[in-house]
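Respectively, the protein sequence lines represent chains B and C.
The first sequence begins at 173 in this note's numbering and counts up one residue at a time.
The second sequence begins at 173 in this note's numbering and counts up one residue at a time.
Beta carbons: idealized from backbone N, C-alpha and C, even for Gly.
Just below is one structure, and these are the notes that go with it.
Protein chains: 2
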Amino acid sequence: MQQLAIYRTQIEEGLQELALDNQPRELYEPIRYTLELGGKRMRPILVLLACDMVGGDGRHAIAPALGVELFHNFTLLHDDIMDEAPLRRGQPTVYKKYNPNIAILSGDVMYTIACQQVAEAPASVLKPVLDVFHDTAIKVCEGQQWDLNFETDEQVAIEAYLEMIKLKTAVLLGGSLQMGALIGGASANLAKDMYAIGVHLGLAFQLQDDILDTYGDPEKFGKQVGGDIIQNKKTYLLLQAQQQANASQSATLTHWLTVESFQPETKVEAVKRIFDALNIREQAEAERDRHYDIAIKTLEALTLPAEAKAPLQQLAAQLLNRDH
Amino acid sequence: MQQLAIYRTQIEEGLQELALDNQPRELYEPIRYTLELGGKRMRPILVLLACDMVGGDGRHAIAPALGVELFHNFTLLHDDIMDEAPLRRGQPTVYKKYNPNIAILSGDVMYTIACQQVAEAPASVLKPVLDVFHDTAIKVCEGQQWDLNFETDEQVAIEAYLEMIKLKTAVLLGGSLQMGALIGGASANLAKDMYAIGVHLGLAFQLQDDILDTYGDPEKFGKQVGGDIIQNKKTYLLLQAQQQANASQSATLTHWLTVESFQPETKVEAVKRIFDALNIREQAEAERDRHYDIAIKTLEALTLPAEAKAPLQQLAAQLLNRDH
């Protein structure tokens, strides 16, 4: 935990030191604004952590770690336009606070600054690090497009949903670990194992997100519990329920998915009742745990000292809000 | 000319060979569509030409050259959203043909593929090539933002206008030559001279564009002559005229810049009459020629064989539609 706090401080300090007060201010102010909204800095922490874990010199990983955080924030900036999201971390999104053009163009600059930071990786591993970064970036965009498509698709298969969250969320966690490992001098194979750990953690994390949105403790959750149900969001829970519902449950679900005027609490309760009847929560938890277990087992199997693995084990537990 | 045609063929073939038939098709189809709209492929040709010019192996320059062309087309894709441009090369722009979200996200993918191609530069020069590419990319975005700002700015200084077209257009020509030279094994200084040549050619090219829009031969120009005047575009010509106009000319200009309903030909004629009275065309041509001459003199001064310089001299002459 100590170690994770140190990584986080390094990231915050690194972000502070980026020269982001250039002209025209229309481009740079939104970048500073976005970074100052905060966040867990999970992805850059994974870069630093992976570099240390394989015995590398953490100083070499800082710029690429900042690059990954900048990339992540760039995707949020563009995604918020596409998703018409008014708020991000309780504050107006860039396209709302400024305008869509500024969100597009300052996002493009932010992406370029991300590339600059990643390109500060040591020369000896620059090409493999870039390969992972670019491959990850393309997958994240593909995931976002599938997500946009699913909004209007009538039917979304569970496998397609899992592939979407893998691309949109999980591969960037995997890529962060892989990049950090490569920078730290890991073999290509070890770095690939790190990638797999990140992807499975990411899947577990996103499934946990789906579960918490419906079953979270309102006191701890931060967002409105049931928001996904209210918005008809095609989550793992809803897709499983649609697939397993009997005729009567299916009709009830369809009613709530199409009714225009409703009491939010009534809708949430009604849909949850179907989830509960079908044991959807348990199924989602099982799928989440399956990915979590793969990640942990892969981590345990790495031929690295136990103490080197401890920070990632700790972070994984935190990510899934587990107390062990 | 023979040589320039060979470069162009290499670029077209390279673009054809890019694997752009991935899923989801919403992301990849617009990229293919944009590339198939064609264009002069001026920037990638400059990359190949510069590599050859300094005695390098042209094969190493092909992927980065494709990267530059992909980058250029990515900026067009995003710019067309911001500029609300319905047509590009006579065809619907991506945001019109598909929708703005698809234009944003397929643009982001296109930019990433551009980065992948640039990263194929030889390992020995990868970092300096990336530095030029990123620096150029940031400047191009800054230029676009200044251009957007100028649309609503009351006053735009000539110097600010020249800086804007330098950033938006000229630095990418400079960056293309610099990247090609670095890939070809040029010293940092020679590569910087190549950058300067490209920047001044780019400025001359853009000024020529401003001149042709008002004074071009309607038979050869391809676009409506006078389009900039009709749209109140703040070109070098208009900004100079505004600065040099006497009280009566100033009043006439203001009338035409603010009148809502007008006959296009009448407006074009009236504004041209003021340009002519102030010798604006001659001033623009002098500024164009000044940059062209700097480019040519810098090229002549390079300690390279005369035959190595010939293709760039030829291309420069073509760019400015000169016959010599």
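Beta-bridge pairing of residue i - partner residues as DSSP gives them
{"i": "L259(B)", "result": "P264(B)"}
Cβ of residue i within 8 Å of any chain B Cβ
{"i": "E198(C)", "result": "yes"}
{"i": "G382(C)", "result": "Residue identity differs from the one stated: residue 382(C) is Asp in this sequence, not Gly. Cβ-Cβ to chain B under 8 Å: no for D382(C)."}
{"i": "W428(C)", "result": "no"}
{"i": "D207(C)", "result": "One point to set straight first is that residue 207(C) is Leu, not Asp, in the sequence displayed. No, no contact with chain B."}
{"i": "D338(C)", "result": "It is worth fixing the name first, because residue 338(C) is Lys in this sequence and not Asp. Closer than 8 Å: no."}
{"i": "K269(C)", "result": "no"}
{"i": "N273(C)", "result": "yes"}
{"i": "A295(C)", "result": "yes"}
{"i": "Q486(C)", "result": "no"}
Inter-residue spacing [alpha-carbon to alpha-carbon] between residue i and residue j
{"i": "V297(B)", "j": "H232(B)", "result": "11 Å"}
{"i": "V431(B)", "j": "A222(B)", "result": "48 Å"}
{"i": "A485(B)", "j": "G374(B)", "result": "The amino acid occupying residue 485(B) in the given sequence is Gln; Ala does not appear at that position. Computed Cα separation, rounded: 14 Å."}
{"i": "L242(B)", "j": "L192(B)", "result": "12 Å"}
{"i": "L345(C)", "j": "F377(B)", "result": "45 Å"}
{"i": "D385(C)", "j": "G399(C)", "result": "7 Å"}
{"i": "I196(C)", "j": "D307(B)", "result": "Strictly speaking, residue 196(C) in this sequence is Pro, with Ile absent from that position. Going by the C-alpha atoms only, they are around 15 Å apart."}
{"i": "Q380(C)", "j": "Q455(C)", "result": "12 Å"}
{"i": "I183(C)", "j": "I234(C)", "result": "7 Å"}
{"i": "R460(B)", "j": "A293(B)", "result": "33 Å"}
{"i": "L238(C)", "j": "P216(C)", "result": "6 Å"}
{"i": "A488(B)", "j": "A467(B)", "result": "9 Å"}
{"i": "K395(B)", "j": "T324(C)", "result": "40 Å"}
{"i": "A188(B)", "j": "M254(B)", "result": "First, the amino acid is wrong: residue 188(B) is Gln here, not Ala. If I take the Cα positions, the gap works out to 28 Å."}
{"i": "H244(B)", "j": "V371(B)", "result": "15 Å"}
{"i": "V226(C)", "j": "G347(C)", "result": "15 Å"}
{"i": "Y205(B)", "j": "G210(C)", "result": "38 Å"}
{"i": "V132(B)", "j": "N194(C)", "result": "The first residue shown for chain B is 173 and the last is 496, placing residue 132(B) beyond what the model contains."}
{"i": "Y200(C)", "j": "V240(B)", "result": "24 Å"}
{"i": "N404(B)", "j": "E198(C)", "result": "23 Å"}
{"i": "T181(C)", "j": "A480(C)", "result": "20 Å"}
{"i": "D365(C)", "j": "D229(B)", "result": "37 Å"}
{"i": "S422(C)", "j": "E326(C)", "result": "14 Å"}
{"i": "L249(B)", "j": "I369(B)", "result": "27 Å"}
{"i": "Q288(C)", "j": "K444(B)", "result": "46 Å"}
{"i": "D465(C)", "j": "G352(C)", "result": "22 Å"}
Closer than 8 Å to chain C by CB, residue i
{"i": "Q121(B)", "result": "Here chain B has residues from 173 to 496 only, and residue 121(B) is not among them."}
{"i": "L277(B)", "result": "yes"}
{"i": "Q288(B)", "result": "yes"}
{"i": "A368(B)", "result": "no"}
{"i": "T284(B)", "result": "yes"}
{"i": "K212(B)", "result": "no"}
{"i": "H496(B)", "result": "Caution is warranted here: a pLDDT of 34 is assigned to H496(B), below 50, making its placement in the model unreliable, and the coordinate value is therefore given only provisionally. No, H496(B) does not count as interfacial toward chain C."}
{"i": "A376(B)", "result": "no"}
{"i": "L344(B)", "result": "no"}
{"i": "D193(B)", "result": "no"}
{"i": "V281(B)", "result": "yes"}
{"i": "L298(B)", "result": "yes"}
{"i": "A291(B)", "result": "yes"}
Anticipated Cβ contact below 8 Å, residue i with residue j, distance rounded
{"i": "L354(C)", "j": "D382(C)", "result": "Not really, about 31 Å apart at Cβ, beyond 8 Å."}
{"i": "Y179(B)", "j": "L220(B)", "result": "5 Å"}
{"i": "Y387(B)", "j": "R453(B)", "result": "6 Å"}
{"i": "I203(C)", "j": "V290(C)", "result": "With 8 Å as the limit, I203(C) and V290(C) do not qualify as a contact, their Cβ atoms being about 16 Å apart."}
{"i": "Y333(B)", "j": "K406(B)", "result": "7 Å"}
{"i": "V304(C)", "j": "Q350(C)", "result": "5 Å"}
{"i": "P483(B)", "j": "L176(B)", "result": "6 Å"}
{"i": "L411(B)", "j": "I330(B)", "result": "5 Å"}
Taking a Cβ distance cut-off of 7 Å, strictly less, list which residues of the stretch 217-240 of chain B are near chain C, in chain order.
If the cut-off is 7 Å between Cβ atoms, the stretch 217-240 of chain B has nothing near chain C.
Along the stretch 303-333 of chain B, what residues have a CB closer than 7 Å to any CB found in chain C?
From the stretch 303-333 of chain B, only H306, A309, I310, C313, E314, Q316, Q317, W318, L320 and N321 have a Cβ closer than 7 Å to chain C.
Could you please tell me which residues of the stretch 250-263 of chain C, in chain order, have their CB closer than 8 Å to any CB of chain B?
Those residues of the stretch 250-263 of chain C placed with their C-beta closer than 8 Å to a C-beta in chain B are H250, I253 and M254, ordered along the chain.
Residues of the stretch 449-461 of chain C with Cβ closer than 8 Å to any Cβ of chain B, in chain order:
Residues passing the 8 Å Cβ filter: none.
Using Cβ-Cβ distances below 7 Å, what residues of the stretch 463-482 of chain C are close to chain B?
Hits within the stretch: zero.
What residues in the stretch 403-415 of chain C bring their beta carbon closer than 9 Å to a beta carbon of chain B?
Sequence-ordered contacts of the stretch 403-415 of chain C with chain B are nonexistent [C-beta pairs closer than 9 Å].
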